[in-house]
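Report on the following structure.
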DNA sequence: CGCGAGCATTGACGCTGGTCAATCCTCACC
DNA sequence: GGTGAGGATTGACCAGCGTCAATGCTCGCG
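So, in structure tokens, the structure goes:
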């Protein structure tokens with residue numbers, strides 16, 4: 079991905095944006111897109127930075143351009159609970175709410191297309207068709223969140239890990255990663271975009287249990303480690319079996335399920 | 079609640095509806111309300127009936143007038159997973175989707191204010207302000223679902239049970255139930271609106287574990303059983319401690335957290 | 001009144017997975 | 001190359017909770 083095009087402050091246009099065909103901008107008219115271009119600006123956050131803090135009155139919304147943002151909920155024990163992962167083209171922030179109920183934190187270095195929340199709400203008020211787009215994506219997200227919640231409370235940890243890995247294998251499929259090139263692999267590569275701690279939190283478990291389950295899959299020759307964050311998927315059927323589903327097309331998880339051309343293998 | 083007003087087929091008006099001040103109808107203009115009245119009709123479903131089946135092309139949306147609807151997700155084991163409970167004034171069905179990703183099932187006898195999904199979508203297209211209302215409530219629901227999911231994956235079963243009971247104690251507060259009158263109680267009453275199986279599924283556990291936790295609370299004199307579905311809350315502080323929160327105002331769970339005048343103690 | 005179905009409760013048992021602690025690996029920096 | 005910090009892995013332990021099975025309770029029906 080050509081980062082020069084997106085460097086903050088530069089005079090960029092939405093029609094050159096890497097994610098314009100996936101984000102909410104997809105449905106925007108010429109004129110709406112021009113206005114969005116005027117309203118928005120790019121910002122970079124580095125891994126670990128808090129973008130919006132839980133409880134804040136943040137006047138910030140926008141789209142993820144690159145990198146991964148985690149949506150977290152702090153519980154009393156100081157334990158950080160991940161309630162969602164935002165990938166490139168996903169919308170972040172919460173329109174029409176004064177206080178943020180969750181934190182948005184950079185899980186990797188990220189580039190965001192940012193807007194003032196109030197300006198964006200004003201924009202939506204003048205563009206019912208865009209508000210309609212937002213409604214559609216919010217409804218999808220609600221469905222996906224419910225499905226993910228159901229999965230988290232009814233599946234074993236191994237099933238969740240296997241499902242997550244399977245999703246990632248499809249997502250990473252079209253990424254021509256270095257490792258894949260070097261070893262002339264035909265098998266799909268599973269690229270873990272974030273650290274073990276975050277994956278564990280997202281799957282509702284601990285790094286230790288996650289690690290044990292990964293090693294079990296390795297021992298059973300379902301996956302083969304390339305480096306810490308990359309695995310070769312050597313037995314797709316086996317992975318699906320461990321996920322608890324019998325039919326491949328039923329395996330889905332949250333928003334990660336969608337193919338996502340904007341996703342890059344950084345982190 | 080005067081059921082005569084709502085009997086299906088009768089010539090009723092929205093301004094007499096028990097929930098018109100809470101549901102999406104709240105924000106409707108005179109004219110919009112008249113049209114909604116023309117589009118909608120009342121239907122009764124008895125406990126256990128499936129209103130919309132997962133995977134169906136159901137052309138049905140609307141509001142819950144009385145009773146409780148459970149939103150379920152069937153997993154491969156035939157295990158029924160509850161991803162949400164709909165109370166009176168809650169919207170049910172899924173606009174802008176051809177296939178239902180979840181089942182809607184009557185958890186008690188229910189009365190619904192039903193509309194054709196397509197007619198409703200058409201209506202929304204002509205009333206951007208109403209679509210805005212739908213967006214607001216969908217965003218709220220998304221937040222609530224995420225909070226509930228976080229809770230389900232990071233709290234112990236006892237904490238979830240205690241939280242649920244605490245919510246119900248606030249909800250039942252204003253319901254002047256018979257038991258409360260008979261025993262001249264000043265303590266809040268916890269009225270379980272649905273059976274143990276459904277509560278357990280909603281809290282991501284089993285009826286057995288739920289029962290054990292309830293009995294533990296009884297043994298510790300936090301609650302006192304009145305009948306199978308009613309408890310007296312004798313130690314609010316104790317209940318909050320078991321919920322894992324320290325500050326009362328932090329205890330929340332899903333949509334059940336909102337005060338809800340339309341809620342009646344049937345079932 | 002007895003019967004049976006469905007639900008709630010209780011007990012016994014075993015396993016998944018969380019916790020604590022030690023070791024190892026990777027990598028940035030000196 | 002050495003060093004230290006942060007992350008990943010592995011091991012040992014055991015508590016919480018799911019499962020299976022038995023019992024008790026409530027209610028509707030013959």
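Chains as they are written, first to last, in the numbering used here: chain B, 79 to 345; chain R, 79 to 345.
All C-beta atoms, glycine included, are put in the ideal place defined by N, C-alpha and C.
Computed from a predicted structure; not experimentally measured.
Going along chain B in order, which residues have a C-beta closer than 8 Å to the C-beta of residue i?
{"i": "residue 220(R)", "result": "216, 219, 220, 223"}
{"i": "residue 206(R)", "result": "206, 209"}
Going by the DSSP bridge assignment, what does residue i pair with across the sheet?
{"i": "residue 150(R)", "result": "160(R), 181(R)"}
{"i": "residue 140(B)", "result": "170(B), 192(B)"}
{"i": "residue 305(B)", "result": "308(B)"}
{"i": "residue 123(R)", "result": "188(R)"}
{"i": "residue 128(R)", "result": "183(R)"}
{"i": "residue 269(R)", "result": "308(R)"}
Taking 8 Å as the CB-CB cut-off, is residue i touching chain R?
{"i": "residue 322(B)", "result": "yes"}
{"i": "residue 227(B)", "result": "yes"}
{"i": "residue 180(B)", "result": "yes"}
{"i": "residue 200(B)", "result": "no"}
{"i": "residue 162(B)", "result": "yes"}
{"i": "residue 172(B)", "result": "yes"}
{"i": "residue 141(B)", "result": "no"}
{"i": "residue 253(B)", "result": "Legend: pLDDT at residue 253(B) = 49, less than 50; position of this residue unreliable, value from coordinates given subsequently. With 8 Å as the cut-off, residue 253(B) does not count as an interface residue toward chain R."}
Is the beta carbon of residue j closer than 8 Å to that of residue i?
{"i": "residue 177(B)", "j": "residue 135(B)", "result": "yes"}
{"i": "residue 208(R)", "j": "residue 129(R)", "result": "no"}
{"i": "residue 311(B)", "j": "residue 266(B)", "result": "yes"}
{"i": "residue 230(B)", "j": "residue 181(R)", "result": "no"}
{"i": "residue 192(B)", "j": "residue 121(B)", "result": "yes"}
{"i": "residue 272(B)", "j": "residue 243(B)", "result": "no"}
{"i": "residue 165(B)", "j": "residue 139(B)", "result": "no"}
{"i": "residue 199(R)", "j": "residue 175(R)", "result": "no"}
{"i": "residue 162(R)", "j": "residue 179(B)", "result": "no"}
{"i": "residue 142(R)", "j": "residue 213(R)", "result": "no"}
{"i": "residue 150(B)", "j": "residue 124(B)", "result": "no"}
{"i": "residue 227(B)", "j": "residue 222(R)", "result": "no"}
{"i": "residue 235(B)", "j": "residue 281(B)", "result": "yes"}
{"i": "residue 154(B)", "j": "residue 314(R)", "result": "no"}
{"i": "residue 137(B)", "j": "residue 205(B)", "result": "no"}
Say yes only if the C-beta of residue i is nearer than 7 Å to one or more non-hydrogen atoms of the ligand PLP, and no if none qualify.
{"i": "residue 184(B)", "result": "Absence of the ligand PLP is noted for the structure shown, with no ligands found whatsoever."}
List the residues of chain B that residue i touches, going by C-beta distances under 9 Å, in chain order.
{"i": "residue 156(R)", "result": "Going along chain B, no residue has its Cβ under 9 Å from residue 156(R), so there is no contact; the nearest lies around 11 Å."}
For residue i, which residues of its own chain have a beta-carbon under 7 Å away from its beta-carbon, when the five flanking residues on both sides are left out?
{"i": "residue 276(R)", "result": "148, 160, 185"}
{"i": "residue 106(B)", "result": "114, 208"}
{"i": "residue 92(R)", "result": "98, 103, 111, 114, 115"}
{"i": "residue 87(B)", "result": "Bear in mind that a pLDDT of 40 at residue 87(B), under 50, signals an unreliable position, so the number given afterwards is only what the model happens to contain. Answer for residue 87(B): no residue qualifies."}
{"i": "residue 133(R)", "result": "177, 178"}
{"i": "residue 303(R)", "result": "296, 309"}
{"i": "residue 299(B)", "result": "312, 313"}
Which residues in chain B have a C-beta closer than 7 Å to the C-beta of residue i? List them in chain order.
{"i": "residue 196(R)", "result": "Those within 7 Å of residue 196(R) in chain B number zero; the least Cβ separation is about 16 Å."}
{"i": "residue 210(R)", "result": "209"}
Name, please, each residue of chain R whose Cβ falls closer than 7 Å to the Cβ of residue i.
{"i": "residue 213(B)", "result": "209, 212, 213, 216"}
Answer yes or no: does any C-beta atom of chain B fall closer than 8 Å to that of residue i?
{"i": "residue 230(R)", "result": "yes"}
{"i": "residue 266(R)", "result": "no"}
{"i": "residue 153(R)", "result": "yes"}
{"i": "residue 282(R)", "result": "yes"}
{"i": "residue 159(R)", "result": "yes"}
Could you pull out every residue in the same chain whose Cβ sits closer than 6 Å to the Cβ of residue i, ignoring the five residues on either side in sequence?
{"i": "residue 240(R)", "result": "317, 320, 321"}
{"i": "residue 145(R)", "result": "186, 187, 188"}
{"i": "residue 278(B)", "result": "284, 285, 288"}
{"i": "residue 168(B)", "result": "142"}
{"i": "residue 238(R)", "result": "281"}
{"i": "residue 117(B)", "result": "193, 197"}
By Cβ distance, which residues of its chain are closer than 8 Å to residue i, with the 5 residues on each side in sequence left out?
{"i": "residue 250(R)", "result": "266, 267, 268, 269, 343"}
{"i": "residue 38(B)", "result": "Since the displayed chain B opens at 79 and closes at 345, residue 38(B) lies outside it and no answer follows."}
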